[in-house]
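**Student:** The structure that follows is given in the form of structure tokens.
Number of protein chains: 2
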Amino acid sequence: MTAKSLDVVGIGNAIVDVLVQADERFLGDHSLTKGTMALVDEAQAERLYASVGAGLETSGGSAANTLAGIAQLGGRAGFIGRVRDDQLGAIFSHDIRAVGTRFETPAATSGPSTARCLILVTPDAQRTMCTYLGASVALEPADLDLEMVAQAQVLYLEGYLWDSDAAKRAFIAAAEVARAHGGEVALSLSDAFCVERHRESFQELVDGHVDILFANEMEITSLYKANSFEEAVEQVSGRCRVAALTRSELGSLVLADGQSHRIEPIQLGPLVDTTGAGDLYAAGFLYGWTRGETAARCGQLGSLCAGQVVTQLGPRPQANLTELVQRHLS
Amino acid sequence: MTAKSLDVVGIGNAIVDVLVQADERFLGDHSLTKGTMALVDEAQAERLYASVGAGLETSGGSAANTLAGIAQLGGRAGFIGRVRDDQLGAIFSHDIRAVGTRFETPAATSGPSTARCLILVTPDAQRTMCTYLGASVALEPADLDLEMVAQAQVLYLEGYLWDSDAAKRAFIAAAEVARAHGGEVALSLSDAFCVERHRESFQELVDGHVDILFANEMEITSLYKANSFEEAVEQVSGRCRVAALTRSELGSLVLADGQSHRIEPIQLGPLVDTTGAGDLYAAGFLYGWTRGETAARCGQLGSLCAGQVVTQLGPRPQANLTELVQRHLS
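So the protein lines, in turn, are chains S and Z. Taking the numbering used here, the leading residue of the first sequence gets 1090, the next gets one more, and so forth. Taking the numbering used here, the leading residue of the second sequence gets 1090, the next gets one more, and so forth.
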């Protein structure tokens, strides 16, 4: 295996987030389950948008947030995903490149507009998401920059891609190329409902293709229909090289090469908005991993990045992550 | 004069802000003067955007921020301004309506895209703005909803409109309609460079058309080429019914009906971003004014609203202004 020119390459939905404040009642009135992601079509997206207050727009997308975070930490990052050639697409493209992530997927010149995610932030800082996938689902195997995938130490895939058949095929094709070139494959399970929709498929994927798995407590227990976190931990043990399981204020558990590490949570200020917490945990973890850090240290880096992003509105860190690592973990 | 159905109607540029962090060196490298607004064309806007970091998008526009603030306080507000029928135009239109401001100017279906303002926030929380006026300058006298103007207790105009000849004509036509229907005319001088560009014209306007003038220290001293704030105060005295002159951390001075009131500044937390401070001062002031409050109380309402908006990123209050008024000024 030759030296790699990129640390992590991610494939995911290219999304612009619209953050709005909402109360519990609004979630109930619109049959939304707090803390989860629901898919909506364009008409539903417009209807929901019309019923919420003023928003704040910021680039998002789960894997995209992770890759932006890795670049902000100083890692060599690449992202593959599809926007439309519209104003929101220009914002997404600018923001991911502005932090130093390679992003070269050509924008679609026809078809649906750039994907949007309406994120309802409740007073308890939890976020509930309604995603219109738009141009994102136009990602196909033919769009993959396989040369970039081959250059990655780790290929990172978000489970949300499973909601599009074409993207799913692109996802598996990319995993095979990464493996063939000596790279590792990492997967985030993304969302408990997403796991619900694709349980068997995800189980096969974890067994057959995944080296590093990221999941929160709800997602991992849903994946194995387990009755408790402990039972889910038992189920996932030995199925992939690393499983990094996040548990909000309980920190995380990292299972790696037969060992288990309890990682303390880190929180750098008052809780404002949990959007991006899982994405930034993965960013910190993979940044450490591609630098050859121990699994425990990778978990701490994940905790720190997640602990920063929950103190601000939106999923892309406004703080200098490199400085934070030096201050808190050196 | 019959009873009015609206408290304040504003005419201004309909702009989406792109907030980015920048350091002093960036301002120097691009010949930008801290704390001011520079006009840029589309090519310059693209070039600048390409050279800055990741941004946060939020509806802006000086008068639009003021009218959104008045609606958030519970006032009956209307706004007239021109967007294009594009994604940023949809964001602007949604946000101003979402807080309850009447906004019915039809979006342009051809021509330049919705106006954008790149706002560089330096570590000292000051903001420096580069505005691409885009569709905003397409506002013409024919677009004015004169029925809405006639219904306003106060017509509020931003000085920035003076940079477009058509908008300037629309501005004067509206002022005449407002006056003819027994309404008062308020003007914000907007920016020291804007005053520099249109000094004589603004002086005539203040003498001939304006009942309530908003200006900060730099703007009012520039308007009269005064050597000190005190000299500028002397110059403006008696020229309009009210002059509300803001001085950042020194609070404000309100000259009204021959009396002078010193208003203490209010700051509700650490200074984060001064974007919108003047706009929200005007919002608080005019909300009080149209409810028949004393000039001193109007100044306090202005101070409170400005004191909130500087503690957050962006010019549209994320806090509940009505609650703040009850807590701090009742």
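Ideal placement from N, C-alpha and C gives every residue a C-beta, glycine not left out.
What are the boundary residues of the alpha helix (DSSP H) that T1411(Z) is part of?
**Tutor:** Its alpha helix (DSSP H) spans residues 1410-1418.
**Student:** Flag this pair as touching only if the segment 1190-1206 of chain Z and the segment 1229-1247 of chain Z have three or more C-beta atom pairs under 8 angstroms; answer yes or no.
**Tutor:** Counting Cβ pairs under 8 angstroms, three or more are found: they touch.
**Student:** Taking just the CA atoms, how far does A1304(S) sit from T1217(Z)?
**Tutor:** Going by the C-alpha atoms only, they are around 42 angstroms apart.
**Student:** Below 8 angstroms on the Cβ atoms is my contact criterion, and I expect Q1176(S) with Q1176(Z) to pass it. Report the Cβ-Cβ distance as a whole number of Å.
**Tutor:** Sure, about 4 angstroms apart at Cβ, within 8 angstroms.
**Student:** Please confirm whether M1090(S) has its beta-carbon closer than 7 angstroms to some beta-carbon of chain Z.
**Tutor:** Here M1090(S) scores only 49 on pLDDT, less than 50, and its place in the model should not be relied on; the value that follows carries that caveat. No, no contact with chain Z.
**Student:** Do you know whose CA, among W1251(Z), R1268(Z), Y1313(Z), lies nearest H1287(Z)'s CA?
**Tutor:** H1287(Z) has its Cα closest to that of W1251(Z), out of W1251(Z), R1268(Z), Y1313(Z).
**Student:** Tell me whether S1199(S) is buried or exposed, calling it buried when 16 or more other Cβ atoms sit within 10 Å of its Cβ.
**Tutor:** It counts as exposed.
**Student:** Which residues, taken in chain order from the segment 1175-1189 of chain Z, show a beta carbon closer than 7 angstroms to some beta carbon of chain S?
**Tutor:** If the cut-off is 7 angstroms between Cβ atoms, the segment 1175-1189 of chain Z has D1175, Q1176, L1177, I1180, H1183, D1184, A1187, V1188 near chain S.
**Student:** Chain Z partners of Y1138(S), CB-CB under 8 angstroms?
**Tutor:** In chain order: H1183.
**Student:** For M1090(S), which of helix, strand or coil comes out of DSSP?
**Tutor:** For M1090(S), the pLDDT reaches just 49, beneath the cut-off of 50, and the residue's location in the model is therefore unreliable, leaving the point undetermined.
**Student:** Beta-carbon of E1382(Z) versus every beta-carbon of chain S: anything under 7 angstroms?
**Tutor:** It does not; no Cβ of chain S falls within 7 angstroms.
**Student:** Taking the alpha-carbon of G1223(Z) as reference, which of E1135(Z), G1377(Z), V1295(Z) has the nearest alpha-carbon?
**Tutor:** Considering only alpha carbons, the answer is E1135(Z).
**Student:** Quick check on the burial criterion: 16 or more other C-beta atoms within 10 angstroms. Buried or exposed for L1246(S)?
**Tutor:** Looking at its Cβ environment, which holds 16 or more other Cβ atoms inside 10 Å, L1246(S) is buried.
**Student:** Hey, quick one: how far does the beta strand (DSSP E) through A1332(Z) stretch, first residue to last?
**Tutor:** Start and end: 1331-1335.
**Student:** Whole angstroms is fine: what's the gap from D1298(S)'s alpha carbon to G1377(S)'s?
**Tutor:** In the sequence as displayed, the identity of residue 1298(S) is His instead of Asp. If you take the alpha carbons of H1298(S) and G1377(S), they lie about 21 angstroms apart.
**Student:** Which residues in the same chain as G1413(S) place their Cβ atom closer than 7 angstroms to its Cβ, once the five residues preceding and following it in sequence are excluded?
**Tutor:** Per the sequence shown, residue 1413(S) should be read as Leu rather than Gly. For L1413(S), where only same-chain residues beyond five positions count, the Cβ hits under 7 angstroms are L1393, Q1397.
**Student:** Does the beta carbon of G1170(S) come closer than 7 angstroms to any beta carbon on chain Z?
**Tutor:** No, no contact with chain Z.
**Student:** Count the CB pairs spanning the segment 1179-1189 of chain Z and the segment 1139-1159 of chain Z that are closer than 8 angstroms, and state whether there are at least three.
**Tutor:** A contact exists between the segment 1179-1189 of chain Z and the segment 1139-1159 of chain Z.
**Student:** Counting Cβ pairs, one atom from each stretch, are 3 or more of them under 8 angstroms apart for the segment 1200-1212 of chain S and the segment 1106-1118 of chain S?
**Tutor:** The answer is yes - the segment 1106-1118 of chain S touches the segment 1200-1212 of chain S, with three or more Cβ pairs under 8 angstroms.
**Student:** With 7 angstroms set as the bound, which would you pick, yes or no: does the beta-carbon of R1405(Z) sit closer than that to a beta-carbon of chain S?
**Tutor:** Yes, because at least one Cβ of chain S sits closer than 7 angstroms to the Cβ of R1405(Z).
**Student:** Going along the segment 1120-1148 of chain Z in order, which residues come within less than 8 angstroms of chain S, judged by CB to CB distance?
**Tutor:** Under the 8 angstroms Cβ criterion, the segment 1120-1148 of chain Z contributes Y1138, A1139, V1141, G1142, A1143, G1144, L1145, E1146, T1147, S1148.
**Student:** Helix, strand or coil for D1096(S), going by three-state DSSP, please let me know.
**Tutor:** Of the three classes helix, strand and coil, the one that applies to D1096(S) here is strand, per DSSP.
**Student:** Out of curiosity, what's the CA-to-CA distance linking D1096(S) and A1204(Z)?
**Tutor:** Cα-Cα distance, rounded: 38 angstroms.
**Student:** Nearest to A1333(S) by CA position, among A1231(S), G1367(S), V1098(S), is which residue?
**Tutor:** Checking every option, the nearest Cα to that of A1333(S) belongs to G1367(S).
**Student:** Whole angstroms is fine: what's the gap from I1180(Z)'s alpha carbon to D1232(S)'s?
**Tutor:** The alpha-carbon atoms of I1180(Z) and D1232(S) are separated by roughly 30 angstroms.
**Student:** Going by the DSSP bridge assignment, what does H1350(S) pair with across the sheet?
**Tutor:** DSSP output for H1350(S) lists V1343(S) as bridge partner(s).
**Student:** Between A1241(Z) and K1093(Z), how many whole angstroms is the CB-CB distance? I'm expecting something under 8 angstroms.
**Tutor:** That belief holds up - the Cβ atoms of A1241(Z) and K1093(Z) are roughly 6 angstroms apart, short of 8 angstroms.
**Student:** Looking at the strands, I want to know which residues DSSP matches up with S1148(S).
**Tutor:** DSSP output for S1148(S) lists V1105(S) as bridge partner(s).
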